[in-house]
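*Asks:* Numbering (the numbering used here), first residue to last: -18 to 299.
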């Protein structure tokens, strides 16, 4: 199968969602990723990110894209077609397929862990909302929580970041740096709007959620919740408020971004899955991260070292 692929400008990217946007390219540039937007003739556009590793080699990565390709054979054909456009020394192309795309890898190599989640909950905001009893019960407990949209004050942002670090220590997940999260709001892009919803309990910041909104979807990225003197948390109040605001703004879909994958029942994400499915919506899955290896020897070595790094990082969070 032959596919024709050419470079395009960032502004020419189609509406592939938050992770396939110029906004995401500019955000990832803060971590050393270079944007390489491409068009597959007759199919669609794709944001490819490239980063140098170990000075000599490079790694290419596609975040939640290629939804216009069907099956592993077409993804492999794309991987071959794009190679001439990638920098010299590229070891492999790492791919996170878009939601709803499932395949059994034979040509591509599954990664030991997925970069992006393999399961999510997406809520259709064009119809009636369908919150479950669990959500309604917890909302009654959180009636005293006050939700406000962050107004740009630096001290308030720092207070929220402290609740984020507290939540990460409690729930055993890795944090992003405060400067990185703050920089999200400095990226000028009219198509993606960052939103920070803050929860107040007893007059103090008790948590918050950081979302990204486009005209058609709002995606939950980062969140926190701590209990103050009242002993009440704020997670259900925050998500409910954000869902209702997105619906009122005419957004079609709210993505809670990240639950157990299709084959991960009973995993460490079980409690998160219980929480996010309480707001209704539809569970959507995809195949985990896969690699198309260009350089067999060095590519295999990189994959091995990368899997060791992930296992070490995961142990350090337990």
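Think of the CB as a built atom: it goes at the ideal place given N, C-alpha and C, for glycine as much as any other residue.
I'd like to check one pair, residue -8 with residue 28: are the Cβ atoms closer than 8 Å?
*Replies:* What you label residue 28 is simply residue 47 of the chain shown in a count that begins at 1. What you label residue -8 is simply residue 11 of the chain shown in a count that begins at 1. Contact: no.
*Asks:* In chain order, what residues of the same chain have a beta carbon less than 7 Å from the beta carbon of residue 227, not counting five sequence neighbours either side?
*Replies:* Here residue 227 refers to the residue found at position 246 of the chain shown. Cβ within range, chain order: 106, 194, 199, 235.
*Asks:* Specify the secondary structure class of residue 226 as computed by DSSP and reduced to three states.
*Replies:* Numbered from 1 along the chain shown, position 245 holds the residue referred to as residue 226. DSSP places residue 226 in helix when its eight states are reduced to three.
*Asks:* Return yes when the Cβ of residue 4 is within less than 8 Å of the Cβ of residue 119, no when it is not.
*Replies:* The residue given as residue 119 occupies position 138 in the chain shown. The residue given as residue 4 occupies position 23 in the chain shown. Contact check for residue 119 against residue 4 fails: the beta carbons are separated by 8 Å or more.
*Asks:* What does the alpha-carbon distance come out to for the pair residue 164 and residue 139?
*Replies:* For this step, residue 164 is matched to residue 183 along the chain shown. For this step, residue 139 is matched to residue 158 along the chain shown. One C-alpha to the other measures close to 13 Å.
*Asks:* Curious, which full-length alpha helix (DSSP H) runs of at least 4 residues does the region 252 to 298 contain?
*Replies:* Runs of the alpha helix (DSSP H) lying entirely within the region 252 to 298, each at least 4 residues long, are 277 to 297 in chain order.
*Asks:* Which one of 212, 186, 175, 208 has the shortest CA to CA distance from residue 196?
*Replies:* Taking the first residue of the chain shown as position 1, residue 196 is located at position 215. Nearest C-alpha to residue 196 among 212, 186, 175, 208: 175.
*Asks:* Terminal residues of the continuous alpha helix (DSSP H) containing residue 114?
*Replies:* Locating residue 114 in the chain shown gives position 133, where the first residue counts as 1. Its alpha helix (DSSP H) spans residues 114 to 122.
*Asks:* How do the region 82 to 95 and the region 13 to 31 stand: do at least 3 beta-carbon pairs fall below 8 Å, yes or no?
*Replies:* no
*Asks:* Locate the beta strand (DSSP E) running through residue 129, then write down its first and last residues.
*Replies:* One-based indexing of the chain shown puts residue 129 at position 148. First-last of the beta strand (DSSP E) with residue 129: 127 to 130.
*Asks:* For residue 93 and chain D, any beta-carbon pair shorter than 8 Å?
*Replies:* The structure shown has no chain D; it contains just one protein chain.
*Asks:* Assuming residue -12 contacts residue 19 (C-beta within less than 8 Å), just tell me the rounded distance between them.
*Replies:* On the chain shown, residue -12 is found 7 positions in, with the first residue counted as 1. On the chain shown, residue 19 is found 38 positions in, with the first residue counted as 1. The Cβ separation is near 6 Å, so the contact holds.
*Asks:* Among 73, -17, 112, which one has its Cα closest to the Cα of residue 218?
*Replies:* By 1-based counting over the chain shown, the position of residue 218 is 237. Looking at the Cα atoms, 112 is the closest of the given residues.
*Asks:* Over the uninterrupted alpha helix (DSSP H) stretch that includes residue 107, give me the two end residues.
*Replies:* Start at 1 with the first residue of the chain shown, and residue 107 comes out as number 126. Run containing residue 107: none; DSSP gives neither H nor E here.
*Asks:* Roughly how many angstroms separate the alpha carbons of residue 181 and residue 124, rounded to a whole number?
*Replies:* Here residue 181 corresponds to residue number 200 of the chain shown, with the count starting at 1. Here residue 124 corresponds to residue number 143 of the chain shown, with the count starting at 1. Taking the straight line from one Cα to the other gives about 11 Å.
*Asks:* My output table needs one value for residue -13: the three-state DSSP class, helix, strand or coil.
*Replies:* Residue numbering aside, residue -13 sits at position 6 when the chain shown is read from its first letter. The answer is strand: DSSP assigns residue -13 an E or B state.
*Asks:* Residue 159: which of 46, 269, 136, 151 sits nearest, CA to CA?
*Replies:* Translated into positions along the chain shown, residue 159 becomes position 178. Among 46, 269, 136, 151, the Cα nearest to that of residue 159 belongs to 136.
*Asks:* First and last residue of the beta strand (DSSP E) that includes residue 154?
*Replies:* Position 173 of the chain shown, counting from 1, holds the residue named residue 154. From DSSP, residue 154 is part of no beta strand (DSSP E); its letter is neither H nor E.
*Asks:* Leaving aside the five residues before and after residue 271 along the sequence, list all residues of the same chain whose C-beta is less than 6 Å from its C-beta, in chain order.
*Replies:* As a working mapping, residue 271 is identified with position 290 in the chain shown. Same-chain partners within the cutoff: 76, 86, 89, 91.
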